[in-house]
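**Q** Counted from 1, the sequence shown has number 218 at position 108 by the numbering used here; the numbering is strictly sequential.
The C-beta atom is built at its ideal place from N, Cα and C for all residues, glycine as well.
A quick note: this is a predicted structure, and the numbers were derived from the prediction, not measured.
Dumping the structure here so I can ask a few things about it.
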Amino acid sequence: MRFYSTRDKEKKLVSASDALLMGLAEDGGLFVPEYFPSIDFSSLDFSSYASVASSVLYPFFSEDIDEDEMKRICISAFNFPVPTRRDGGADTLELIYGPTSAFKDFGARFLSSCMEYILKKRGEKRTVLVATSGDTGGAVASAFFKKENIEVRVLFPLSRVSERQQAQLTTWGENIKSYAVRGSFDDCQKMVKDAFMDESIEGLTSANSINIARLLPQCVYYVYSSYLYFLTYNEMPVFIIPSGNVGNATACYWAKKMGSPIKSITLALNSNRTVLDYLESGVYKKRASIATLANAMDVGAPSNIERLFDLFSDYEEFKNNVSAYSVSDDEIRDTIKREWDEKRHAICPHTACGEYVRRKYLAGLPSIVVATAHPAKFYDIVEPIIGNAVAIPENLFRMLEKKQEYSVIDASYTLLF
Ligand SMILES: *Cc1c(COP(=O)(O)O)cnc(C)c1O
Numbered sequence: 111m112r113f114y115s116t117r118d119k120e121k122k123l124v125s126a127s128d129a130l131l132m133g134l135a136e137d138g139g140l141f142v143p144e145y146f147p148s149i150d151f152s153s154l155d156f157s158s159y160a161s162v163a164s165s166v167l168y169p170f171f172s173e174d175i176d177e178d179e180m181k182r183i184c185i186s187a188f189n190f191p192v193p194t195r196r197d198g199g200a201d202t203l204e205l206i207y208g209p210t211s212a213f214k215d216f217g218a219r220f221l222s223s224c225m226e227y228i229l230k231k232r233g234e235k236r237t238v239l240v241a242t243s244g245d246t247g248g249a250v251a252s253a254f255f256k257k258e259n260i261e262v263r264v265l266f267p268l269s270r271v272s273e274r275q276q277a278q279l280t281t282w283g284e285n286i287k288s289y290a291v292r293g294s295f296d297d298c299q300k301m302v303k304d305a306f307m308d309e310s311i312e313g314l315t316s317a318n319s320i321n322i323a324r325l326l327p328q329c330v331y332y333v334y335s336s337y338l339y340f341l342t343y344n345e346m347p348v349f350i351i352p353s354g355n356v357g358n359a360t361a362c363y364w365a366k367k368m369g370s371p372i373k374s375i376t377l378a379l380n381s382n383r384t385v386l387d388y389l390e391s392g393v394y395k396k397r398a399s400i401a402t403l404a405n406a407m408d409v410g411a412p413s414n415i416e417r418l419f420d421l422f423s424d425y426e427e428f429k430n431n432v433s434a435y436s437v438s439d440d441e442i443r444d445t446i447k448r449e450w451d452e453k454r455h456a457i458c459p460h461t462a463c464g465e466y467v468r469r470k471y472l473a474g475l476p477s478i479v480v481a482t483a484h485p486a487k488f489y490d491i492v493e494p495i496i497g498n499a500v501a502i503p504e505n506l507f508r509m510l511e512k513k514q515e516y517s518v519i520d521a522s523y524t525l526l527f
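As structure tokens, then:
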């Protein structure tokens, strides 16, 4: 199995490990697999998530990682529960029990283990640079902690992340260094871009969500959850996915392409409606992002859309496969409150977008809403709405107790080296 760039008309192929270490292709496109193998469901061991993961992911990496190693990587990366919770007839795939309580743990943990393995095999080192406005940096720092041959520099805007997010960025030490930048998130991103442009700095790599080794492991929970749902109810579910950069949704389309019993896929957007506008008009136009309560989805120019354009040959095919709805902040608040009032179930603002779409547009159909983060991460939004405290997961609680260490710097990338 090899990979090509979404922008390369000739579809020149690179190996999995090169695609992983490069992150973005040289032409600025995103790597996609040259084909999608169909899954033989009867051969999968559904009693173990890690075992399903290893069987699904191995064909993509078999040139670079042998099967036993892939098993070991999956066992260490996916060491937390992945339940589909049923409550009042409504199903939710809860991707919120990893070390940083959000679905980004799945991709970050798999990527870090694969990268460590490949670098050790090659006898090489890398420095991962990551700019974060919250979620991504925490998942990356946690996933790469103590990984050999890899250093991580996390940049976040000083005084602009929540106290709990900051704890997830700054309490690591060892190979993880944190920098609070006097500036905005955009300044942090610019520093990362500038550092990558500087040819005198060697061995940099990224761990952001466009990396193919972050996206592929996200297919696994759709394979797993859809098949178990199908076995239990003898129906194929619609997945409703809270989306920003549309990586999570892309992984679901890929899982469907590999033969998972998925009826269809619906994107729940916040007020950032770029994908919906495209569906309605047939003309794709990036927008500036709008700040909303579901801030991990505040994306005006979704990076993974290129992968969907690659998967679907034209607008007609795109429209036949993709549906999307936009959810306002008021609707997010109402949905968090209704879930609490009716079920005593606290959900995060992103998950609330998905739940709103189910209630409003897909009521009565077999559906699974994807819960993307634990509500305790967004307590400042959720607690006032439900009028109750949200219990803090153990992992997060431990981090809040630890000593924070970080350097405060001006917004210039040269200060990082
Ligand atoms: C990143 C993120 C999203 C959006 O996922 P995409 O893959 O960018 O569409 C949704 N919810 C949460 C909590 C996130 O962290």
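#1: Would you check if the distance between the CB atom of leucine 377 and the CB atom of alanine 359 is smaller than 7 Å?
#2: Between Ala401, Gly410 and Leu472, which lies nearest to lysine 395 when the distance is taken from Cα to Cα?
#3: Compute the minimum distance between the beta carbon of aspartate 245 and the heavy atoms of ligand 1, and state whether it is under 6 Å.
#4: What does the alpha-carbon distance come out to for the pair proline 267 and valine 238?
#5: Less than 7 Å separating the beta-carbons of isoleucine 311 and leucine 140?
#6: DSSP three-state label for valine 238, please.
#7: Cα separation between asparagine 334 and aspartate 296?
#8: On a CA-only basis, which of Leu229, Ile228, Ala218 and Ser223 is nearest valine 240? Give me that one, please.
#9: For the beta strand (DSSP E) holding valine 166, just list the boundary residues, first then last.
#10: Could you give the first and the last residue of the continuous alpha helix (DSSP H) run that contains phenylalanine 488?
#11: Does the distance between the C-beta of alanine 434 and the nearest non-hydrogen atom of ligand 1 fall short of 6 Å?
#12: Mind listing, in chain order, the continuous beta strand (DSSP E) runs of no fewer than 3 residues lying wholly within the region 181-258?
#13: Which same chain residues, not among the five before or five after isoleucine 228, have their C-beta less than 6 Å away from its C-beta?
#14: From this set, Ile375, Ser353 and Asn318, which residue's C-alpha is nearest cysteine 362's C-alpha?
#15: Any idea which residues DSSP pairs isoleucine 70 with across the strands?
#16: Can you tell me whether phenylalanine 422 is helix, strand or coil according to DSSP?
#17: Applying the criterion that 16 or more other CB atoms from any shown protein chain within 10 Å of the CB defines a buried residue, is valine 393 buried or exposed?
#18: Quickly, what does DSSP pair lysine 287 with across the bridge? List them, please.
#19: In the structure shown, what three-state DSSP assignment does tyrosine 339 receive?
#20: Cα separation between glutamine 278 and glutamate 120?
#21: When DSSP labels each residue in this structure, what does leucine 377 get in the three-state scheme?
#22: In the DSSP assignment, find the alpha helix (DSSP H) that holds valine 302 and state where it starts and stops.
#23: State yes or no: is the C-beta of proline 352 nearer than 6 Å to some heavy atom of ligand 1?
#24: How far does the alpha helix (DSSP H) with alanine 277 in it reach, from first residue to last?
#25: Apart from the five residues on each side of it in sequence, which residues of its chain come closer than 6 Å, Cβ to Cβ, to alanine 253?
#26: Measuring alpha carbon to alpha carbon, tell me which of Gly357, Glu226 and Ser370 ends up nearest proline 147.
#27: Once you ignore the five residues that flank proline 459 on each side, which residues in its own chain have a CB closer than 6 Å to its CB?
#28: Helix, strand or coil for isoleucine 415 per DSSP?
#29: Please state whether the Cβ-Cβ distance between aspartate 245 and alanine 406 is less than 7 Å.
#30: Within a Cβ cutoff of 7 Å, which residues of the same chain sit near cysteine 298, ignoring the five residues on either side of it in sequence?
#31: In the DSSP assignment, the alpha helix (DSSP H) including serine 391 goes from what residue to what residue?
#32: On the three-state DSSP scale, how would you describe isoleucine 446?
#33: Following a CB-centred definition, is valine 437 positioned closer than 6 Å to any heavy atom of ligand 1?
#34: Taking DSSP's pairing of strands, which residues face leucine 314 in a bridge?
#35: Apart from the five residues on each side of it in sequence, which residues of its chain come closer than 8 Å, Cβ to Cβ, to aspartate 439?
#36: Under DSSP, the alpha helix (DSSP H) around tyrosine 363 begins and ends at which residues?
**A** On the basis of the data shown:
#1: yes
#2: Gly410
#3: yes
#4: Roughly 18 Å separates the two Cα atoms.
#5: no
#6: Valine 238: strand per DSSP, three-state reduction.
#7: Reading off the sequence, residue 334 comes out as tyrosine, not asparagine. Cα to Cα, tyrosine 334 sits roughly 37 Å from aspartate 296.
#8: Ala218
#9: First-last for valine 166: 159-171, but that is the alpha helix (DSSP H), not the beta strand (DSSP E).
#10: No alpha helix (DSSP H) holds phenylalanine 488; DSSP gives it neither H nor E.
#11: no
#12: 194-197, 200-204 and 236-241
#13: Ser127
#14: Ile375
#15: The requested residue 70 does not occur in the structure, where the chain is confined to residues 111 to 527.
#16: Note: phenylalanine 422 maps to coil in three-state DSSP.
#17: exposed
#18: Lysine 287 pairs with Arg263.
#19: helix
#20: 42 Å
#21: strand
#22: 295-307
#23: yes
#24: 273-280
#25: Ala218, Arg219 and Ser222
#26: Ser370
#27: Leu403, Ala404, Ile442, Phe488 and Ile491
#28: helix
#29: yes
#30: Ala241, Leu265, Phe266, Pro267 and Val291
#31: 384-391
#32: helix
#33: no
#34: Thr237
#35: Excluding positions up to five away in sequence, the list reads Asn380, Ser381, Thr402 and Leu403.
#36: 357-367
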